[in-house]
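>
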Amino acid sequence: MRILLLGGINEAKGLVQGLQDAGHLPVYSIAGRVRQAELVCEQISGGFSQYCTDLTSAHPGVSGLTHWLRQQHTELVIDATHPYAEQISRHAVSACRALAIPCWRYLRPAWQSTPELPFQQLENWDALARLLPHFKKPVFTLGQIPAARLKPLPHQRWLVRSAIGINTDQDRIDQVQAIGPFSLAHEEQMFRLHRADLLVAKNSGGSLMDNKLKAAHQLGIPIILLQRPPLVAADREYSSPEALLNALERPPQ
14 MRILLLGGIN EAKGLVQGLQ DAGHLPVYSI AGRVRQAELV CEQISGGFSQ
64 YCTDLTSAHP GVSGLTHWLR QQHTELVIDA THPYAEQISR HAVSACRALA
114 IPCWRYLRPA WQSTPELPFQ QLENWDALAR LLPHFKKPVF TLGQIPAARL
164 KPLPHQRWLV RSAIGINTDQ DRIDQVQAIG PFSLAHEEQM FRLHRADLLV
214 AKNSGGSLMD NKLKAAHQLG IPIILLQRPP LVAADREYSS PEALLNALER
264 PPQ
């Protein structure tokens, strides 16, 4: 079966290998803004708007993906993107519906606050903005932050870490451009050097709690996670790569 796998997280690479082991022909797609995947399969990077043939299309990403799927005779799309990659997930569902191609999704289980590692979860940036004035040296690991949000108060100094540099002229924002994963010791050092009093991150989820959350908790730094965006429903959704691969091998009912 010819399968398009939309990747961007570590588990997606394992899915590629699992698909190949089962005799399928996966094509791996990644945004490519951070790094390229080291996989022995056909790969696409840079998004699907590059394949859009309708220059008047209001949605070149969807149009390009639809065109590519049709031209490649794709039989299944697997969305294994980051839980916060709402746009590509929405595009995938739209393109698959237009072509009557099934769209499956692997979605990492979200982290849950526990007594051993508590955190507060907020719905959006507006809710966060109401709490930020109470802190002086927050650390943000949210990826790209809109320029309109990059406004430290006079008593604050922010540290923003992301894989892609942010565009800001704010003199009260320190930037760290780096690609994880990071060790527990590395994260502790970052918090200590910045004298952080707050961590703001995403609920990326997965089987293991992220080292930055562990480090912040060990240092007594409060943790705020921004909730995941709601995603358009796929035809099927799985919380583990193994469950998805097993379902693929079962004959249809």
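Residue numbers (the numbering used here): 14 to 266.
No residue lacks a Cβ here, since even glycine has one placed at the ideal position from N, Cα and C.
Does the beta-carbon of Val53 have 16 or more other beta-carbons within 10 angstroms, so that it is buried, or is it exposed?
exposed
> Taking 8 Å as the threshold (C-beta atoms), are Ile186 and Pro165 in contact?
yes
> Specify, as a first and last residue, the run of the beta strand (DSSP E) that Asp187 falls within.
Ile186 to Gln190
> Let me confirm a value: Pro16 is counted as buried when at least 16 other C-beta atoms fall within 10 Å, else exposed. Which label applies?
Looking at the sequence shown, residue 16 is not Pro but Ile. Looking at its Cβ environment, which holds 16 or more other Cβ atoms inside 10 Å, Ile16 is buried.
> Excluding the 5 residues preceding and the 5 following Phe153 in the sequence, name in chain order all residues of the same chain whose CB lies nearer than 6 Å to its CB.
Val173 and Val213
> Tell me Phe153's beta-bridge partners as DSSP assigns them.
Val173 and Val213
> Where does the unbroken alpha helix (DSSP H) through Val106 begin, and where does it stop?
Residues Glu99 to Leu112.
> Measure from the alpha carbon of Ile177 to the alpha carbon of each residue in Trp171, Gln169 and Gln188, then state which is nearest.
Gln188
> With distances taken Cα to Cα, identify the nearest neighbour of Ser107 among Leu28, Leu32, Gln133 and His80.
The shortest CA-to-CA distance from Ser107 to any of Leu28, Leu32, Gln133 and His80 is the one to His80.
> Just verifying my parser: in three-state terms, what is the DSSP assignment at Asp92?
strand
> To which residues does DSSP link Leu238 through a beta bridge?
Gln134 and Ala214
> Report the rounded CA-to-CA distance for Asn216 versus Gln183, giving the unit in angstroms.
27 Å
> Determine contact between the segment 188-198 and the segment 111-128, defined as no fewer than three beta-carbon pairs at a distance below 8 Å.
no
> What residue does the alpha helix (DSSP H) around Ser76 start on, and which one ends it?
Pro73 to Gln84
> Report the CB separation of Pro242 from Glu24 in whole angstroms; it is logged as a contact under 8 Å.
Incorrect: roughly 19 Å between the Cβ atoms, too far for contact.
> Any chance the segment 223-242 sits against the segment 132-149, with 3 or more Cβ pairs inside 8 Å?
yes
> How many whole angstroms separate the CB atoms of Gly218 and Ala123, which I take to be in contact at a CB cut-off of 8 Å?
The Cβ separation is near 5 Å, so the contact holds.
> Within 10 angstroms of its Cβ, does Ala93 collect 16 or more other Cβ (buried), or is it exposed?
Ala93 comes out buried.
> Using only CA atoms, which one of Ser252, Arg162 and Gln85 lies nearest to Ala140?
Arg162
> The beta strand (DSSP E) spanning Glu201 covers which residue range?
That residue, Glu201, is in no beta strand (DSSP E); its alpha helix (DSSP H) goes Leu197 to His207.
> DSSP puts Cys116 in a beta bridge; with which residues?
Val90
> If we call anything under 8 Å between Cβ atoms a contact, is Ile57 one with Val90?
no
> Going straight from the alpha carbon of Ala256 to that of Glu51, what length do you get?
Cα atoms of Ala256 and Glu51: separation of roughly 24 Å, rounded to the nearest angstrom.
> Pull up the distance between the alpha-carbon of Tyr64 and that of Gly77, whole angstroms please.
4 Å
> Within its chain, find whatever has a CB closer than 7 Å to the CB of Asp248; leave out the 5 residues flanking it on each side and keep chain order.
Pro115, Cys116 and Trp117
> Would Ile101 be called buried (16 or more neighbouring beta carbons within 10 Å of its own) or exposed?
buried
> Per DSSP, what kind of secondary structure is Glu250 in: helix, strand or coil?
Correct three-state label for Glu250: strand.
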